[in-house]
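The listed protein sequences correspond, in order, to chains A and B.
Following my numbering, the numbering of the first sequence begins with 1 at its first residue and continues without gaps.
Following my numbering, the numbering of the second sequence begins with 1 at its first residue and continues without gaps.
Note that the Cβ used here is the ideal one computed from N, Cα and C, for glycine as well.
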Amino acid sequence: MKFNTSIYPVIALVIFLMSGCGGGGSSSQEPVSDAPSPPVAEDMPNSEDGPLKTEALVAPESFDFTTARTIDFNIKAPAYQSKRAYVSIYSDYHETQNLGIQPKHQSRLLMIQLQEGMSEGKVEVTNDVDKVLVQVVSVDDLSYVYSALITIDPLNAIEWTF
Amino acid sequence: MKKYRQYFLLSLILFASALQVRATPFDQCPTTAFLFQSNNVQIYGVNLVTGSYSLLEDYVGINGNINGVGFNFEDRYIYGFNTSSYQVVRIGGDLQATELAVSGLPSNTTFFVGDVADNYYYVYRKNVGFYKINLDENRDNFMQAIKIDSADISLNLTDLAVHPTDNQIYAVDNQSGRLYRISSQTGASELLGDTGVTGTFGAGYFDVTGNYYIGRNNDGKIFRINLSDPDTSDVSAEFFAQGPSSNQNDGARCANAPISVDGVDWGDAPSSYSTSLADNGPRHQITEDLYLGYQVPDGEPDGLNSVLNDDDSNINDEDGVGFITAIEVGLDSLLQVTVRGEGFLNGWIDWNIDGQFDESTEKVFDGLYLNEGVHYLPYRVPMDAQVGSSWARFRLSSIEDLTPIGGAPNGEVEDYPISIAASNVTYRYYPSETGWVTLAYEDLWPKIGDYDMNDVVLRYRIVELIREDNVIRTDIHGSLVALGATYHNGFAVHLQNINYEAVDQPRLRGLINGEVVQRSFLEQGQSQAVIKISDDLWEEVASDCRFYRTQTSCKESIEFSFEVSVNFNQPIALADMPDAPYNPFIFATPYWGRDAVYSETPGRALEIHLADKPLTDLADPTLLGTVDDTSDVQSSRTFRTSNNLPWALVIGTDWLHPKETVDLLEAYPEFQGWIESGGVTNQDWYLDVKASTDKVYQ
């Protein structure tokens with residue numbers, strides 16, 4: 001059988017106009033009037049024989065779909081009990097031969113002023129992060145900066161005492 | 001003997017011929033500005049954008065100094081005057097010079113000033129004369145110098161440049177700093193105004209848009225005068241870039257070429273801080289031996305004004321400066337600065353939040369020398385600093401005294417959004433200080449969608465300011481990443497359990513694309529606080545495509561960003577504050593159809609939330625539990641299908657969303673394990689490295 005290839009563009013156009021194109025979709029880009037529009041055949045679910053599609057998945061009833069978890073932290077710095085000092089927690093860091101481990105400042109999760117050398121609270125950490133860098137800075141001493149890399153234990157708080 | 005003389009003459013002719021053909025013209029109109037220095041002359045290439053330069057040729061084939069140079073775009077040669085041999089010379093694309101036999105010039109007289117216009121080479125010397133030499137062999141008087149007797153020869157000039165549009169000659173009088181326009185026909189000069197700068201401007205260049213650049217010999221500073229309108233009344237010169245200094249300078253450039261911005265690093269603060277080239281924003285020639293942080297800066301074609309910041313362009317290279325303590329009014333604070341190489345740090349913070357860096361009152365680091373490594377630098381926040389969101393700019397360079405604007409031949413500029421606070425404030429970030437989560441929505445609700453999760457995609461970040469366990473302010477940041485739908489949706493954020501009246505409305509401040517917007521973002525008719533960002537996200541972008549940023553065949557840039565600062569009348573106890581990400585949702589834009597389900601437009605009453613999040617007062621609760629939605633409000637179970645799947649996800653990173661109609665499972669195969677295990681396995685399914693690269697938009 002020989003096809004007339006000249007009609008391919010027409011067929012393609014018809015298929016394009018009829019097929020789903022993701023998302024909601026009135027084909028019109030104008031506000032609608034009172035007259036109802038006919039339903040548009042967009043976003044039709046996958047056929048039974050095709051590859052597994054998301055809509056066929058079943059999630060546990062209690063699953064909250066979050067990609068982050070809340071972690072407690074507890075920082076103790078008795079040496080800074082009477083000083084103005086801050087603690088920052090970072091989810092990422094640089095590690096170089098010359099400079100050692102240094103925070104990626106963009107990844108800071110929290111910056112809090114120590115109260116009598118202590119700080120505790122909660123911080124949200126995305127699931128892909130398994131270590132955090134904790135940095136304590138004393139403004140009174142200007143250049144005194146301490147930091148520690150801590151592996152997150154999902155069952156326990158981030159704890160650091162120095 | 002006669003025979004030998006013939007051979008000698010023949011050899012001389014051949015040698016001369018060889019000299020004539022030795023220099024070939026430039027292949028094209030070069031973007032480089034050529035700077036001629038020293039005796040014997042050396043030729044440097046100067047990038048006018050940054051002032052960076054490099055030696056292009058240390059010997060042009062003849063001895064002596066060449067001055068008064070100009071580029072002739074008729075034959076694509078540079079012409080100049082050898083001030084040592086008193087000869088006109090021609091320089092080709094190989095940067096080799098040939099002396100030309102020109103008649104009519106006064107003997108034993110040097111010319112330091114010259115340029116080319118309309119295939120004539122013009123030379124000028126004060127109190128001597130103004131001459132033009134025909135370079136077109138098809139015209140009469142080829143290579144003959146003709147003195148223009150009517151010319152004004154009283155001006156103190158050290159270079160001329162020819163405007164690319166009006167073809168007239170422009171020059172700055174060194175002593176007075178006045179700009180003159182000189183007729184190439186009559187030599188008559190016309191005073192245009194005072195440039196505001198004086199000195200020996202040995203090199204002058206035009207670019208194709210009519211900007212006139214003048215380089216000062218003694219300090220190398222390059223100034224720019226905007227002559228895009230040659231009849232402008234404002235001819236003031238602004239410092240533009242730091243170039244090379246010399247006691248003997250002359251410049252030539254093809255005025256028909258744009259200036260080059262290749263390999264240049266720019267800032268990304270809002271436009272009021274002067275960030276783009278048009279505003280003479282800060283920029284640095286990228287070099288691998290001097291920069292801030294851990295990454296060699298990537299280049300951008302121009303400054304990026306906050307909607308699309310520098311980290312969105314190529315690599316994330318704004319990594320050299322960290323504010324490691326709070327910026328609190330009247331107190332000392334600390335910066336952590338990481339330097340590669342050694343150079344001078346200059347830095348500014350907009351203390352009064354007026355959208356500008358004041359060089360005299362807001363410069364916090366003034367040419368501070370730093371060697372390679374990590375530095376902890378103290379600075380003091382002024383007592384009169386304003387509390388709120390502001391910007392800081394840092395520049396590292398081999399140049400000691402940079403301003404917040406202008407070019408530099410090396411180093412890097414980094415701009416940072418900052419928050420100036422009253423004392424004892426804690427910052428809590430979601431997900432991090434400059435990171436993003438992604439909100440992804442399917443908008444066919446209550447009908448199951450195609451799960452390409454790109455109908456509405458937003459970046460989203462929350463910054464909470466906390467004092468004594470109370471939230472005093474929350475800043476909601478975001479930008480629109482994609483619209484993979486033709487439905488029209490608005491976007492808002494519900495602060496659950498925070499009463500409408502708790503918001504300090506006079507201090508509710510919103511920025512759209514970095515500019516303050518004078519409207520209330522607090523939605524009327526709600527009993528609780530709902531921050532409405534947009535009624536119709538399609539109205540926020542000027543897309544030419546059917547969908548916005550979901551088809552690689554139709555790439556578009558991010559055009560809509562927002563930042564809303566919500567202050568509270570009374571601080572909210574941490575325990576009463578909703579958890580991040582609060583309750584962000586999309587809603588149907590009024591008067592626009594949802595024809596897959598509804599024959600009449602539901603409008604604002606239709607809301608789509610993350611799973612198990614509540615509706616707001618303006619939603620119609622009777623829409624819940626219809627079609628494919630199996631919400632059960634009594635048990636706080638909302639926006640789930642019978643398979644417990646949601647219509648929206650919050651993803652813990654700056655996510656690459658699936659292309660149009662690509663099922664999420666196809667784009668991220670590990671999503672299946674994560675869903676079916678209830679989040680126990682495949683917890684990082686959403687990372688770039690987990691994506692099927694041809695299935696996601698990037």
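C-alpha of residue 263(B) to C-alpha of residue 280(B): approximately 17 angstroms in a straight line. At a cut-off of 8 angstroms between C-beta atoms, residue 643(B) counts as an interface residue with respect to chain A. Relative to residue 530(B), the option among 560(B), 495(B) and 516(B) whose CA is nearest is 495(B). Interface criterion not met: the Cβ of residue 162(A) is under 8 angstroms from no Cβ in chain B. Secondary structure within the region 224-265 of chain B: not one fully enclosed alpha helix (DSSP H) run of 4 or more consecutive residues is present. The residues 131, 133, 144, 145, 146 and 147, in chain order, have a CB closer than 8 angstroms to that of residue 104(B) in the same chain once the five nearest residues on each side in sequence are set aside. For a Cβ distance threshold of 8 angstroms, residue set 324 of chain B lies close to residue 135(A), ordered along the chain.
The count of Cβ pairs closer than 8 angstroms, one atom from the region 79-97 of chain B and one from the region 276-292 of chain B, stays below three, leaving the stretches out of contact. Within the region 55-67 of chain A, 55, 56, 57, 58, 59, 60, 61, 62, 63, 64, 65, 66 and 67 place their CB atoms closer than 9 angstroms to a CB of chain B, listed in sequence order. Listed as beta-bridge partners of residue 284(B) by DSSP are 265(B) and 408(B). The C-beta of residue 432(B) has 16 or more other C-beta atoms within 10 Å across all chains shown, which makes the residue buried.
With respect to the 8 angstroms criterion, residue 125(A) and residue 324(B) are not classified as neighbours on the basis of their beta carbons.
Residue 353(B): not part of any beta strand (DSSP E); DSSP gives it neither H nor E. Against chain A, a Cβ distance below 9 angstroms from residue 672(B) picks out 52, 54 and 57. Chain-ordered listing is empty here: chain A has no CB closer than 7 angstroms to the CB of residue 564(B), the nearest sitting near 20 angstroms. In this structure residue 94(A) does not touch residue 81(A) by the C-beta definition: roughly 31 angstroms separates them, more than the 8 angstroms allowed. Residue contact check for residue 131(A) against chain B: no CB pair falls below 8 angstroms. Against residue 409(B), chain A offers no close residue; the least beta-carbon distance is about 26 angstroms (beta-carbon pairs closer than 8 angstroms). At the C-beta level, residue 268(B) and residue 284(B) stay beyond 8 angstroms of one another. Among the residues facing chain B, residue 127(A) is included, as its CB has a counterpart in that chain under 8 angstroms away. If you draw a straight line from the Cα of residue 26(B) to the Cα of residue 94(B), it comes to about 8 angstroms.
Interface flag for residue 93(A) against chain B is unset, since no Cβ pair is found closer than 8 angstroms.
In the three-state DSSP reduction, residue 220(B) falls in the coil class, being neither helix nor strand.
Counting only residues of its own chain and dropping the five nearest sequence neighbours on each side, residue 604(B) has a CB closer than 6 angstroms to the CB of 587, 590 and 618. In the three-state reduction of the DSSP assignment, residue 522(B) falls in the strand class, which pools E and B.
Residues of the same chain with a CB within less than 6 angstroms of the CB of residue 182(B), apart from the 5 flanking positions on each side, are 169 and 189 in chain order. At a cut-off of 8 angstroms between beta carbons, residue 650(B) contacts chain A. What residue 104(A) touches in chain B, judged by beta-carbon distance under 7 angstroms, is 319, going in chain order.
Contact between residue 404(B) and residue 271(B) is ruled out by a C-beta separation of about 13 angstroms, above the 8 angstroms threshold. The criterion of a C-beta distance shorter than 8 angstroms is satisfied by residue 249(B) and residue 37(B).
Going by beta carbons, residue 155(B) and residue 180(B) fall inside the 8 angstroms limit. By the neighbour-count criterion, in which 16 or more other beta carbons inside 10 Å mark a residue as buried, residue 656(B) falls on the buried side. A distance below 8 angstroms separates the beta carbons of residue 161(B) and residue 206(B). The straight-line gap separating the alpha-carbon atoms of residue 339(B) and residue 394(B) is approximately 12 angstroms. The beta carbon of residue 674(B) lies closer than 6 angstroms to those of 682 and 685 in the same chain, with the five residues before and after it left out.
If you draw a straight line from the Cα of residue 230(B) to the Cα of residue 251(B), it is about 21 angstroms long.
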